[in-house]
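S.K.:
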Amino acid sequence: MADARLVNLGKRFGKTDVVKALNLDIRDGEFIVLLGPSGCGKTTTMRIVAGLEETTSGQIWLNGRVVNDLEPKDRDIAMVFQNYGLYPNLTVYENIRFPLRMRKIPAGEHRRRVLAALEMVELTDFADRRPAQLSGGQRQRVALARAIVRTPAVCLMDEPLSNLDAKLRLSTRVQLKHLHHAHRSTTIYVTHDQTEAMTLADRVVVMNRGLIQQVATPRVIYGTPANAFVAGFIGSPAMNLIHGRIGQGVFEASGIRISGLAHAGAHEVILGFRAEDASVIEHHCGLSAPVYSMELLGDHSMITFRIGDAFVAVKAAKDHQAEIGEIVHIAVPAGACHLFHPITGDRISP
Amino acid sequence: MPLNFHRTPRAILFAAAAFMVVWLLIAGFPFVWTLWGSFKVEGDFFSYQGWIDAVAGRNTLAQTGHLVTLGAYRGVWIEEQFWKAALHTSIVTIAVVMVSLSFGSLGAYALARSGHRYAYWILVAALVFRAIPGIALISGYLLPFFRLNVWGYPPTAALVLVALNQPFTLWLLHSFFLTIPRDLDESALVDGCTRFQAFRLVIMPVMWPGVVTTGIFSFLTAYSDFVVCSMLLSDRNQTMVPRIVAFLGTTQETGRPMYAVAAVVSVTLPLFVLIPFFQKRIVNGLAGAVKG
């Protein structure tokens, strides 16, 4: 177990900068999730930490030493791959034992440690099977056991759940969380799934186009997104973002008017609010629009409107009745609104 | 994938079966005919009277007192010492398979895992060399080999066969390596392997169906080679296939065609044993490996 530091990390493939001057401090035992759309550089960043990719610039510190020039085997890391990366010719037991064998750990300890790891992922009965005889979820747990059997300094996980079906993904996610709680190993986890990021992470690193957008706890990421990208990426549905103009505390765009905002300036702005902060009301109060679509999602329903070019989602009660095309009144409390710069997208403090 | 035969009309099934039988007869006939004829004397198998002699064996009966004779085999293997040719073929074949597989798998693995563009161009260059007919290169080899005093020895022929065959070996192994997910290499690297350990301990164990397949092709190239061996080996070190041609004689000297027939059967039969054996291993290997 150890801390990790990425200093000014850069990676260039041909003419594209995949990762740009990335700085990140990871504390001992922390569960860090790199989150972002595909092509944002999150996987590349992790592969650089693993040593599977070389840096173009910058330094990687693991456990207090620079590891840039070390082979992956000398970095004291473990990794769980998206496609599991299990050795098909070895049994589950031998798969998990492999890192112990390669790292010259005394043979007498192997059995105890492999069995402990197997128990931790609840696969004790499957020790003699081969990977081909396991389900996807079981294979991923074998990969997990292989990663933790050695107590590496840093454990890396590259979209480990993305090949599992929705149900299995949920249960494996819960196991993963429990495992980290028990094990407390420093973990870097890459995903494009924000639910995974929000549920697993101690801190989330939101990335886009090779740049870190925000590093914060899931609560902060959700509650006070640092810019419009984070706001529009996090949450299900993502935050509603509307381009408009603010002046004397009143936001105006086509078909919408929200007053009482604590902002003095007068300029173009992006206004954001979350679906659950708005509510459907009886009378016109700044925003009325025809229903674009209506979805029942179990414990609530989601009503979508079209305002200008933007889609706006509003959460309503599960028994709410509305027809498509019907004009509905919506209240957006000024206190729940976020303001972002119309060009840079940066958050404007109200 | 099992076919659902219940849905196939009987007429089509019958036609398919009939076609198979006819095809087998046509395809198998030359082999059966040669095998049958190899137990006759020259007067029967190369009879001036007609093919009926080869079937009935009139002359064989008259000359040996039996309907079948091992005379041709005895002549080839003992009198003509065909076993020496067999030995040379084994040396050349084993050397070719070993060398081309070991160098081929190292090279193909490197090319399959290389991120550089030149890997592609190396493969293309290999293909170009493969397209050049062997005989075109042999003439260039002759003089240097004479000068170096290595002409006429089995290892020399093996070396040239490896060189001619390596592009194909490289391509075949390369495509097999590409089917093995990179995750496997990277798992191994992270788990504490060096590049070479990853290759040896993780990749090769799942690669052997590809190695066996490629090995068979190398084996066949070397085993049935005529051009290279006949040009580069002295008479004393000749392999089996060029020897067969020698038995047929030339315009200057009378050959022993029955020896050639017996030799052809001797060369062909091991293939009928070996190939199905290896084929089974390939199929078994492919079923279990790589997936996962």
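For the record, the sequence lines run as chains Y and G. Take any residue in the first sequence, count from 1 to its spot, add 1402: that is its number in the numbering used here. Take any residue in the second sequence, count from 1 to its spot, add 31: that is its number in the numbering used here. A virtual CB, placed ideally from N, CA and C, is assigned to each residue, including glycine. It should be emphasised that the depicted structure is a prediction, and the values quoted were computed from it without experimental measurement.
1) Use the C-beta contact count for G:T100: other C-beta atoms within 10 angstroms, 16 or more gives buried, fewer gives exposed.
2) Within 9 Å of any Cβ in chain Y, is that where the Cβ of G:L209 sits?
3) For G:F50 and G:V63, what's the separation of their Cα atoms in angstroms?
4) Could you have a look at Y:E1654 and say whether DSSP puts it in helix, strand or coil?
5) To which residues of the same chain is Y:V1551 closer than 7 Å at the C-beta, ignoring the five residues directly before and after it?
6) Which bits of chain Y does G:G223 rub up against, with CB to CB less than 7 Å?
7) Mind pulling the alpha helix (DSSP H) runs of 4 or more residues that sit fully within the region 48–77 of chain G?
8) At a cut of 8 Å, does the region 240–259 of chain G reach the region 217–230 of chain G through at least three beta carbon pairs?
9) How is G:M32 classed by DSSP in three states: helix, strand or coil?
10) If you draw a straight line from the C-alpha of Y:L1581 to the C-alpha of Y:E1524, how long is it?
11) Tell me which same chain residues have a C-beta within less than 6 Å of the C-beta of G:T245, skipping the five on either side of it?
12) Determine the direct distance from the alpha carbon of G:I211 to that of Y:V1606, and round the result to whole angstroms.
13) Mark G:T120 as exposed unless 16 or more other C-beta atoms lie within 10 angstroms of its C-beta, in which case mark it buried.
14) In chain order, what are the residue ranges of uninterrupted alpha helix (DSSP H) at least 4 long that sit wholly in the region 1515–1581 of chain Y?
15) Shortest alpha-carbon distance to G:F70 belongs to which of G:F60, G:A293, G:D214?
16) Once the 5 residues before and after G:G124 are set aside, which same chain residues still bring their CB inside 7 Å of it?
17) Can you give me the start and stop residues for the alpha helix (DSSP H) that G:R213 sits inside?
18) Starting from Y:M1481, find everything on chain G with Cβ-Cβ shorter than 8 Å and list it in chain order.
19) With DSSP as the reference, label Y:T1589 as helix, strand or coil.
20) Any C-beta of chain Y sitting closer than 9 Å to the C-beta of G:V243?
21) May I ask you to report which of helix, strand or coil DSSP gives Y:K1475?
22) Span of the alpha helix (DSSP H) holding G:L92?
23) For the region 161–235 of chain G, list the alpha helix (DSSP H) runs that are entirely contained and at least 4 residues long, ordered along the chain.
24) When you compare the CB of Y:R1548 with every CB in chain G, is at least one pair closer than 9 Å?
25) Helix, strand or coil, according to DSSP, for Y:D1604 in the structure here?
26) Measuring only between beta-carbons, confirm whether G:M51 sits less than 9 Å from chain Y.
27) Would you kindly work out how many angstroms separate the C-alpha atoms of G:V304 and G:G241, rounded to a whole number?
28) Judging by CA-CA distance, which residue of Y:H1722, Y:P1439, Y:H1585, Y:V1693 is the nearest neighbour of Y:A1599?
29) Please report the residue range of the beta strand (DSSP E) in which G:H119 lies.
30) Measure the alpha-carbon distance for Y:F1433 versus G:A219 and round it to whole angstroms.
31) Between the C-alpha atoms of Y:R1541 and G:L215, what's the straight-line distance to the nearest angstrom?
32) Between Y:H1731, Y:I1450, Y:T1601, which lies nearest to Y:I1623 when the distance is taken from Cα to Cα?
33) Tell me the residue span of the alpha helix (DSSP H) that contains G:R274.
34) On the three-pair Cβ rule with 8 Å, is the region 1625–1643 of chain Y touching the region 1726–1742 of chain Y?
35) Please compile the residues from chain Y whose C-beta is within a distance smaller than 8 Å of the C-beta of G:D214.
36) Helix, strand or coil for Y:R1407 per DSSP?
M.R.: Short version:
1) buried
2) no
3) 19 Å
4) strand
5) I1498, P1501, L1502, R1515, V1516, A1519
6) K1475, P1501, M1504, R1505
7) 73–76
8) no
9) Because the pLDDT of G:M32 is 49, which lies under 50, any placement of that residue in the model is unreliable, and the number read from its coordinates should be weighed accordingly. DSSP places G:M32 in coil when its eight states are reduced to three.
10) 11 Å
11) T200, L203, L204
12) 33 Å
13) buried
14) 1538–1550
15) G:A293
16) A small fix is needed here, since residue 124 of chain G is Thr in this sequence, not Gly. Taken in chain order, the residues that qualify are F250, A253, Y254.
17) 213–221
18) E217, S218, V221
19) strand
20) no
21) helix
22) 89–95
23) 165–179, 185–210, 213–221
24) yes
25) coil
26) no
27) 20 Å
28) Y:P1439
29) Unbroken run through G:H119 is the alpha helix (DSSP H), 113–144; no beta strand (DSSP E).
30) 24 Å
31) 14 Å
32) Y:T1601
33) 271–278
34) yes
35) F1483, Q1484, N1485, Y1486, G1487
36) strand
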